[in-house]
Amino acid sequence: MSETLLFERLDELVEDCSGALGDWDEVLRRAQVAATPAALGRRLRRPSRRVLAWAVVVASLLVILFATPAFGLLRNWIGRMDVPFSGKSAPYEAKRDFADLSIGAPRGMDPQAIVSESRKVATFKVSGKTVVLYVAPTRKGGFCWSFNAGGSCLSSRPTARTFAHTPRMIREEKLWLLSVESRFAFGPLDKRDRGKPRAYVYYMPSVSGVVLAAKAAALRLVFEDGSSAQIPFVWVSKPIDAGFFLYGVPSEHLRAGSRPVSLSELDSRGRLIARQTFLWKLIEREGRRFEKQVSSPKPSPTPPPQPLPRLKPPLQQGQAKGVSVVAGKNGAVIIDFSHASESVRSVIAKGVDWGCFSFMPYHESDPAGLETTLSPLRMRGGSTITGISTPFDGCQVEGMYGRRWPDRFHSHAVVEIALSPRGKRYFADHAAAADLALFLRLRPMLREIRRLSGEELSAALRDRFGSEIEQLPSATTPLPAGRIGYVEHPGGATYLEHSTTGRRFSVTIENGKITAQNVRALTLVY
Amino acid sequence: MNRGKVGGVTAAALEQLYRDRYPRFLRLALAIVGSREAAADVVQEAFARALRHRSELRSEEALESWLWRTVVNTGRTQSKRGRRHAGLESAEEIASSNGHAEPWPELRAAVAALPERQRQALFLRHYADLDYEQIGEVLGIARGTVAATLHTAHRSLRGTLEGAQR
Chain A
1 MSETLLFERL DELVEDCSGA LGDWDEVLRR AQVAATPAAL GRRLRRPSRR VLAWAVVVAS
61 LLVILFATPA FGLLRNWIGR MDVPFSGKSA PYEAKRDFAD LSIGAPRGMD PQAIVSESRK
121 VATFKVSGKT VVLYVAPTRK GGFCWSFNAG GSCLSSRPTA RTFAHTPRMI REEKLWLLSV
181 ESRFAFGPLD KRDRGKPRAY VYYMPSVSGV VLAAKAAALR LVFEDGSSAQ IPFVWVSKPI
241 DAGFFLYGVP SEHLRAGSRP VSLSELDSRG RLIARQTFLW KLIEREGRRF EKQVSSPKPS
301 PTPPPQPLPR LKPPLQQGQA KGVSVVAGKN GAVIIDFSHA SESVRSVIAK GVDWGCFSFM
361 PYHESDPAGL ETTLSPLRMR GGSTITGIST PFDGCQVEGM YGRRWPDRFH SHAVVEIALS
421 PRGKRYFADH AAAADLALFL RLRPMLREIR RLSGEELSAA LRDRFGSEIE QLPSATTPLP
481 AGRIGYVEHP GGATYLEHST TGRRFSVTIE NGKITAQNVR ALTLVY
Chain B
1001 MNRGKVGGVT AAALEQLYRD RYPRFLRLAL AIVGSREAAA DVVQEAFARA LRHRSELRSE
1061 EALESWLWRT VVNTGRTQSK RGRRHAGLES AEEIASSNGH AEPWPELRAA VAALPERQRQ
1121 ALFLRHYADL DYEQIGEVLG IARGTVAATL HTAHRSLRGT LEGAQR
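These protein sequence lines are chains A and B, in that order.
Last residue of the first sequence: 526 (the working numbering), numbering continuous.
Last residue of the second sequence: 1166 (the working numbering), numbering continuous.
As structure tokens, then:
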């Protein structure tokens, strides 16, 4: 093996971090917190034996309480738990979720989360799963929160107007409580429905939300059958200054007759501060309307053409397959299909999704983008893409058709317009990763072939794909870009595809399960 | 002016270094700890330490070497403390990890099996992109020793990989 090849392999072992941006504010915070004389003093002072003895007793009691069913009792007794905002900094992924809340936000609606100040503040156990609560303050004095992923914001401190959009199936008695979640599922809901005809079931799997009254001490969930449960919540100190709750509704309270019917916020004396009542009749009526829409969808009328946005210079321009884009510094983009090639025209007849993307903080390896739908046969469209930094790295047009390997555009988007060298590399890498992922998602692969190994696997791949894929003696064997190869090993195989940029993608499957892959960051197929 | 005699570095110099070199520090930490989140944490901690102790650092020239060394040490400590992710120092976990392992498992295992000095030199060369002189400063060894250490490491990795291909 040559030294160059070894160096290439070593390079591939560790993800490329070029373009990654750090968080200097957080470095300052870490350094200052630990460097304040008071903090140092506290850290260096040795606790007395008596304090240590008490600490051991209290810790033992807590261990006993939390490790036994008494935990439920303890949790009810606690109700509200105050946590300081000066907790652990949120991980990169959580920060990215908060940063992404700005993408596509209409003018004036950007929550402006201070992402570098995101914190991990608490964990909840819901249906046996651990869910982490992350929070971030906003520049306008509000806050954002998320339970594991996604998230919501109150970008400024709430007022009566903030609550004007509360769904009408929830009756608000006061303004200091936000919730909740209701769902409907096409049955069966559980084993009691086995054998019955399937039908829609309206239920509330969990209750989550925000408590805004500082004096709140407890949350009580009342069920249709008259029983109730206390919901614990955490109160996060300033600058968040709000409480958060997430409660998995027990299985015995999922069915009509015993579902949650109201959520009350109480002060330390048990007096009502606020209450939300869930109007199940309205929830079910809304659900039935949706059911009807799903079972017999009506074609939505073609929206009238919108005026094209104004482009602010300097402009970026690009074109491919006769499709051209012009983008302004303000994120406004105009796309023109008037001179599109035949292959593109065949796709736009059904309408297309198009959008532009950029590599930016929290999107160093997978770009952030926003897509807009262009109605069928419309030749020109425009959109202002907010929350994505400019200049853009590229724009693309996706057809509204199901993706299946081998893809008619070789796993590329229908039109790819690179506006920077990085955008060009992204298109090449994305296509190779998507191609490999689509191949492995083929029905025969999913159902049978990927569970095989040894000669059985080779024979099955030969029979099904012939020379379309190539057996390789080792993972280092050269493979032309755009071709899929595989290397057998005990229990399965590693499937490989190389991009024209030289980047190598691989997915290792052992006993039917993916044990290693590097395609996920670039393709949503998995 | 001999800055070494003056002693200490400014926060601005540290910030500049952070902004200029962050991707390289991150990649080095990522090689050691195996998860991006943990790697970012290592880099943040190294710079926070540098900020706290900036008055004790003898010069801006020495600062960079000190930071690389701190990232290596903090990363190793973190890697030992919680081996949840498969960094290149913990290849034994690769086989059991589900869906998060990287390509070239034989090479990963071979890197993990290198003696510590060789592995550190390798990381500093390939992921921090330092030259032999800088690696020598970080590890406290002569330039010639760096060259010999890297030569041995490369030969060992080539041997392992050629053996695996046969």
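Ideal Cβ positions, reconstructed from N, Cα and C, are used throughout, including at glycine.
These numbers were taken from a predicted model, which means no experiment stands behind them.
Beta-carbon to beta-carbon, A:Arg-462 and A:Pro-444 are separated by about 13 Å, too far to satisfy the 8 Å threshold. In this chain, the alpha helix (DSSP H) harbouring B:Glu-1116 covers 1116-1126.
The residue from A:Ala-122, A:Arg-503, A:Trp-354 and A:Ala-327 with its alpha-carbon nearest to that of A:Ala-431 is A:Arg-503. Counting other Cβ atoms within 10 Å of its Cβ, B:Thr-1077 stays below 16 and is therefore classed as exposed. Straight-line measurement puts the Cα of A:Val-344 at about 11 Å from the Cα of A:Glu-416. Fully enclosed beta strand (DSSP E) runs of no fewer than 3 residues occupy 228-231, 233-236, 242-248, 260-266 and 272-278 of the segment 224-304 of chain A, in order along the chain. Here the alpha carbons of A:Val-222 and A:Val-207 stand approximately 12 Å from one another. Restricted to the segment 360-435 of chain A, the beta strand (DSSP E) segments that are unbroken, complete and at least 3 residues in length are 363-374, 380-384, 394-399 and 415-418, listed in chain order. Around the beta-carbon of A:His-410, fewer than 16 other beta-carbon atoms lie within 10 Å, marking it exposed. Under the DSSP definition of a beta bridge, B:Glu-1045 lacks any partner. Taking C-beta atoms as the reference points, A:Ser-146 and A:Pro-111 fail to come closer than 8 Å. Within the segment 8-30 of chain A, the residues whose Cβ lies closer than 8 Å to some Cβ of chain B are Arg-9, Leu-10, Asp-11, Glu-12, Leu-13, Val-14, Glu-15, Asp-16, Cys-17, Ser-18, Gly-19, Ala-20, Leu-21, Gly-22, Asp-23, Trp-24, Glu-26, Val-27, Leu-28 and Arg-30, listed in chain order. Residues of chain B with a Cβ closer than 7 Å to the Cβ of A:Pro-91 are, in chain order, Glu-1037. Shown here is that no member of the segment 266-296 of chain A has a Cβ falling below 7 Å from a Cβ of chain B. Cβ atoms of A:Ala-418 and A:Lys-424 come within 8 Å of each other, at about 4 Å. Within chain B, the C-beta atoms nearer than 9 Å to that of A:Leu-6 come from Leu-1107, His-1154, Leu-1157, Arg-1158 and Leu-1161, in chain order. Under the three-state reduction of DSSP output, A:Thr-477 falls in the coil class, being neither helix nor strand.
In this structure A:Cys-144 is not in contact with B:Arg-1027, their Cβ atoms being roughly 30 Å apart against a cut-off of 8 Å.
Taking the Cα of A:Asp-11 as reference, the smallest distance to any Cα among B:Ala-1112, B:Arg-1054 and B:Trp-1104 is reached at B:Trp-1104.
The CB of A:Glu-3 comes closer than 9 Å to the CB of His-1154 and Arg-1158 in chain B, given here in chain order.
Taking a 10 Å sphere around the C-beta of A:Leu-446, we find fewer than 16 other C-beta atoms and assign the residue as exposed. In chain order, Thr-123 place their CB closer than 6 Å to the CB of A:Thr-130, counting only its own chain and leaving out the 5 sequence neighbours on each side.
Rounded to the nearest angstrom, the Cβ distance from A:Arg-310 to A:Ala-274 is 45 Å, too far for a contact under 8 Å.
Here A:Lys-95 carries a helix assignment [DSSP, helix/strand/coil]. Along the segment 1014-1026 of chain B, the positions whose C-beta sits under 9 Å from a C-beta of chain A are Leu-1014, Glu-1015, Tyr-1018, Arg-1019, Tyr-1022, Pro-1023, Arg-1024, Phe-1025 and Leu-1026, read in chain order. Nearest C-alpha to A:Met-360 among A:Phe-392, A:Gly-382 and A:Ser-2: A:Phe-392.
Take A:Gly-248, set aside five residues on each side of it, and the residues of its chain with a beta-carbon closer than 6 Å to its own are Val-126, Ser-127 and Ser-206, in chain order.
Closest in C-alpha terms to A:Trp-280, from the list A:Ser-102, A:Ile-240 and A:Leu-254, comes A:Leu-254. The alpha-carbon separation between A:Arg-378 and A:Ala-428 amounts to approximately 28 Å.
Nearest CB-CB separation between B:Leu-1114 and chain A: not below the 8 Å threshold. Rounded to whole angstroms, the Cβ separation of A:Ser-458 and A:Gly-492 is 12 Å, and the two are not in contact under 8 Å. Cβ-Cβ distances below 6 Å link A:Leu-442 to Trp-405 in the same chain, with the five nearest sequence neighbours on each side left out; the list follows chain order.
Taking the beta carbon of B:Val-1043 as reference, the chain A residues within 9 Å of it are Gly-22 and Val-27, listed in sequence order. Where A:Thr-4 is concerned, the enclosing alpha helix (DSSP H) starts and stops at 3-13.
Using beta-carbon distances, B:His-1151 does not count as an interface residue toward chain A, since no partner is under 8 Å.
Taking the beta carbon of B:Ala-1040 as reference, the chain A residues within 7 Å of it are Tyr-92, listed in sequence order.
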